[in-house]
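Participant: Protein chains in written order, with the numbering used here: chain A, 69 to 336; chain B, 58 to 661.
Virtual Cβ for every residue (Gly too), placed ideally from N, Cα, C.
My questions will all concern the structure given below.
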């Protein structure tokens, strides 16, 4: 069953020079226990797409549904991890993590145990009372992750979550996100990751949706069935990276004819 | 699996491997040392200075032959009682300002239509000299309720007017500039209503509210002294301001010094017990986080407090200047039609000409209305008052000249001082706290001394300019300081690596770098100057000693002093002239300059 269904979505913004089309005719599905990555050049509307899916913003045309229900307000079954962390500097780590639970109206006792649990899941034990500015970038993004997981979302939306981190920290955090996703005891069921890092997308995702330059449309949906843990140095990994890379750089020109979602042949 | 997920008990070993198994060790994830030590940092230079002020006053006093320590001590109890009255008045005005700022600011930030009207009104109110309202407010409230409550209410309202504007702008601005990711995060987790207010909106205003409060209290003390002196025209209003002016008019140096000592102690106590801890706490509500992996040395919340406060006021000015224009400006803008074949320069000229004309017309109309109303209700205007009203244009000219001279002197002092303090870490550590303490002391309390002791040496004109200086210099200084310090170090480094030195470095990097700060500092300094003008041009300290130089501030005061004998139209006429002048100068000079500065000299 499709968890998220995106159908023929257009998005344009009004500007002084008329309306600017950000994306056109985007259609895809995310199923239970999918790990989907969206890649594309900057400005192709990746992040906007993520916001449309959660219902923070509305498409100009087309529909987005979650479990067969149209998303028209902010969907509480999804939780977002931000590139900039978006932590509240005046709240402690624990308070930041309990943020979404408070909004859901949980009673404080339940919030307390839930927060403890996800603080330890994300390896933040001992930092409950620290403030975000006292933490390194990697620790901050753990707080962002804990905050999102604490509401036990069906879908974890990740908007360039590793871009603001140094390479080593990013690498270890990627592994942890994979562990979380594979752990059947823990949320989320599915992960939707937006990234401009092709290797990252291929390393993590089952399927990579490749968007074109603005106005963004889907160039291809590339299935990644490399065995996990994936070896970045393997020939198969390299081939796949290369293919996505050339899809993006050649832009719409080569694939323009088939810009509706085309499933690429298995690459494994 | 779907829908209502329940919390499943989870073995620790099952969940933590996420961390344990990850291949690269998490070496880079060290935790930064806490930026918020719980202990209060006492700034040593500031402490010394607080002790040094009464000590040096005492030393000066001992040289006075009629002075005795016992005499001084005998005045301390009354001074303490009076200072508590003043403190109560300040607190009442502050609480009023806080409530006003929160409600006005929230409403203006949340409602677009409200915003369109409320912010221009605020812009006009903040640019109008507060002291100009003193006589009017006092006369009205005093006549309503001559004893006790009336004058007290008048002084509280006057202090309120000096405190509230920058706080309102603080609330409004900080609500408008909540980082979009924090707003979005609140949206994604569905925060609404009270929870949203508690978690997002209120915290986002705290930092600026605290810093603006420091400024408001400083301004409040400055005007409190005047508020109490003004209102003591009839019955004495007990307070430290009237205490000091009473002492000064009686030539009683023991009493005067006792009052000063008590005032300094109260300001120092407030600083150490309230503002420093609060400033420290408010650091938590700032957005800028240290870049990952590096421990940014946060300012301790003590030094840099005024600098930040000044930059916040600056941002208030910016809101007024750039985002919304006053109705008058919008009116003037109608005369310039875009798209016609006129050069930009010509359009600007037409625009300024029409704006100037509109402002002058409005001013004349207001005066005409006042005169007409007065003639209808209270008979004719007496010949001496009419003669003085005719000197108004000249008086305005004199006042402007005085302000310009005072401003040039301020700049000559503030710019080098700011450069030295901004660029030398040692100088900053020692010098800045001292400057902050000096700046927080209300100079108005010393005005009687200036008149008694200095007029024989520097003439009335010199004394007037000196008093103006005290009301202008800090705005300029703190703005310049923050301007210099906000020049990105890489720009300066780049200039150095290309071999720019000395004058060239100054001309190519430093001056353009501080230009915006210079303009905002000048705007706020002139604002402070217009306020001080009303005291600096005419001050009657009793016992035949008074200062009076021709100027618009003087005419307001004379009109007030002679309100019983027909001076009322003079007072109101001069007040309108002053308001019109201030708004005209703001619209014609400062705002265009500011826009240009922002366009050309900003870093993105």
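For a test of the three-state rule: what should DSSP assign to residue 514(B), helix, strand or coil?
Facilitator: DSSP places residue 514(B) in helix when its eight states are reduced to three.
Participant: Apart from the five residues just before and just after residue 262(B), which ones in its own chain have a Cβ nearer than 6 Å to its Cβ?
Facilitator: Excluding residues within five positions, the ones whose Cβ falls inside 6 Å are 228 and 231.
Participant: Where does residue 125(B) fall in DSSP's three states?
Facilitator: Residue state, collapsed to three classes: coil.
Participant: Residue 291(A) bridges to which residues according to DSSP?
Facilitator: 275(A), per the DSSP bridge assignment.
Participant: Straight-line CA distance for residue 551(B) to residue 542(B)?
Facilitator: Rounded to the nearest angstrom, the two C-alpha atoms are 16 Å apart.
Participant: Near residue 282(B), what residues of its chain come up, given a Cβ to Cβ distance below 7 Å and the 5 sequence neighbours on each side ignored?
Facilitator: For residue 282(B), where only same-chain residues beyond five positions count, the Cβ hits under 7 Å are 298, 301, 499, 501 and 502.
Participant: Ignoring anything shorter than 4 residues, give me the alpha helix (DSSP H) runs that lie fully in the segment 619 to 644 of chain B, in order along the chain.
Facilitator: Listed in chain order, they are 625 to 642.
Participant: So residue 179(A) and residue 214(A) are in contact, right, with Cβ under 8 Å, and what is the actual spacing, rounded?
Facilitator: So it is not a contact: roughly 13 Å between Cβ atoms.
Participant: Return the Cβ separation of residue 538(B) and residue 479(B) in integer angstroms, given the expectation that the two are a contact with Cβ distance under 8 Å.
Facilitator: Indeed, because the Cβ distance is near 5 Å, the residues count as touching under 8 Å.
Participant: By Cβ distance below 7 Å, which residues in the same chain neighbour residue 212(B) in space, the five residues on each side in sequence not counted?
Facilitator: Correct list, in chain order: 146, 284, 285, 288 and 294.
Participant: In this structure, how does DSSP classify residue 339(A) when only helix, strand and coil are distinguished?
Facilitator: Residue 339(A) is absent from the model: chain A starts at 69 and stops at 336.
Participant: Short check: CB of residue 467(B) to CB of residue 507(B), under 8 Å?
Facilitator: No, Cβ-Cβ distance for residue 467(B) and residue 507(B) is not below 8 Å.
Participant: Does the distance from the CB of residue 110(A) to the CB of residue 264(A) come in under 8 Å?
Facilitator: Yes, the Cβ-Cβ distance between residue 110(A) and residue 264(A) is below 8 Å.
Participant: For the alpha helix (DSSP H) holding residue 337(B), just list the boundary residues, first then last.
Facilitator: Taken as a continuous stretch (DSSP letters only), the alpha helix (DSSP H) holding residue 337(B) covers 333 to 339.
Participant: Please check the pair residue 290(A) and residue 276(A), which I expect to be a contact at CB under 8 Å, by giving their CB distance rounded to whole angstroms.
Facilitator: Correct: roughly 5 Å between the Cβ atoms.
Participant: What residues from chain B crowd round residue 168(A), counting only those whose CB sits closer than 7 Å?
Facilitator: Those are 246, listed as they occur along chain B.
Participant: Any beta carbon of chain A sitting closer than 8 Å to that of residue 266(B)?
Facilitator: With 8 Å as the cut-off, residue 266(B) does not count as an interface residue toward chain A.
Participant: Which residues bound the alpha helix (DSSP H) around residue 590(B)?
Facilitator: Note, residue 590(B): alpha helix (DSSP H), 568 to 593.
Participant: Report the three-state DSSP secondary structure of residue 308(B) (helix, strand or coil).
Facilitator: Coil at residue 308(B), not helix or strand.
Participant: Closer than 7 Å by C-beta to residue 244(B): which residues in its own chain qualify, once you throw out the five before and the five after it? Chain order, please.
Facilitator: If we look at residue 244(B) and ignore the five residues flanking it on each side, it has no Cβ neighbours.
Participant: Tell me the rounded alpha-carbon separation between residue 642(B) and residue 187(B).
Facilitator: The straight-line gap from Cα to Cα measures roughly 17 Å.
Participant: Which parts of the segment 108 to 175 of chain A are runs of the beta strand (DSSP E), unbroken and 3 residues or longer, counting only runs that do not cross its ends?
Facilitator: Whole beta strand (DSSP E) segments, 3+ residues: 129 to 134 and 146 to 149.
Participant: If contacts are defined as beta-carbon pairs under 8 Å, then residue 316(B) and residue 325(B) qualify, I think. What distance do you get, rounded to the angstrom?
Facilitator: Wrong, their Cβ atoms sit about 15 Å apart, outside the cutoff.
Participant: Are any of the Cβ atoms in chain B nearer than 8 Å to that of residue 139(A)?
Facilitator: False, the Cβ-Cβ gap to chain B never drops below 8 Å.
Participant: Are the beta-carbon atoms of residue 200(A) and residue 164(A) separated by less than 8 Å?
Facilitator: Closer than 8 Å, so yes.
Participant: Check whether the Cβ atoms of residue 504(B) and residue 590(B) lie closer than 8 Å to each other.
Facilitator: For residue 504(B) and residue 590(B), no; Cβs fall outside 8 Å.
Participant: Roughly how many whole angstroms lie between the Cα atoms of residue 251(B) and residue 203(A)?
Facilitator: Approximately 29 Å, taken between the alpha carbons.
Participant: Give the range of the beta strand (DSSP E) segment to which residue 459(B) is assigned.
Facilitator: Looking at the DSSP string, residue 459(B) is not in any beta strand (DSSP E); the run it does join, the alpha helix (DSSP H), is 449 to 480.
Participant: Is residue 102(A) helix, strand or coil by DSSP?
Facilitator: If DSSP states are grouped into helix, strand and coil, residue 102(A) belongs with coil.
Participant: Just to confirm, are residue 536(B) and residue 496(B) a CB contact at a threshold of 8 Å?
Facilitator: Their beta carbons are not under 8 Å apart, which means residue 536(B) does not touch residue 496(B) by this criterion.
Participant: Quick check on the DSSP output: what are the complete alpha helix (DSSP H) runs of length 4 or more inside the segment 239 to 271 of chain B, in order along the chain?
Facilitator: List check, alpha helix (DSSP H) in window: 250 to 253.
Participant: Please report how far the alpha carbon of residue 157(B) lies from the alpha carbon of residue 164(B), in whole angstroms.
Facilitator: Going by the C-alpha atoms only, they are around 11 Å apart.
Participant: Candidates 606(B), 608(B), 629(B) and 651(B): which alpha carbon is nearest residue 617(B)'s?
Facilitator: The shortest Cα separation from residue 617(B) among 606(B), 608(B), 629(B) and 651(B) belongs to 629(B).
Participant: Mind pulling the chain A residues with CB within less than 8 Å of residue 169(B)?
Facilitator: Going along chain A, no residue has its Cβ under 8 Å from residue 169(B), so there is no contact; the nearest lies around 17 Å.
Participant: Please list, in chain order, the chain A residues whose beta carbon lies closer than 7 Å to that of residue 344(B).
Facilitator: Ordered by position in chain A, the residues that pass the 7 Å Cβ test against residue 344(B) are 157.
Participant: What separation, rounded to the nearest whole angstrom, lies between the Cα atoms of residue 611(B) and residue 522(B)?
Facilitator: Approximately 14 Å between the Cα atoms of the pair.
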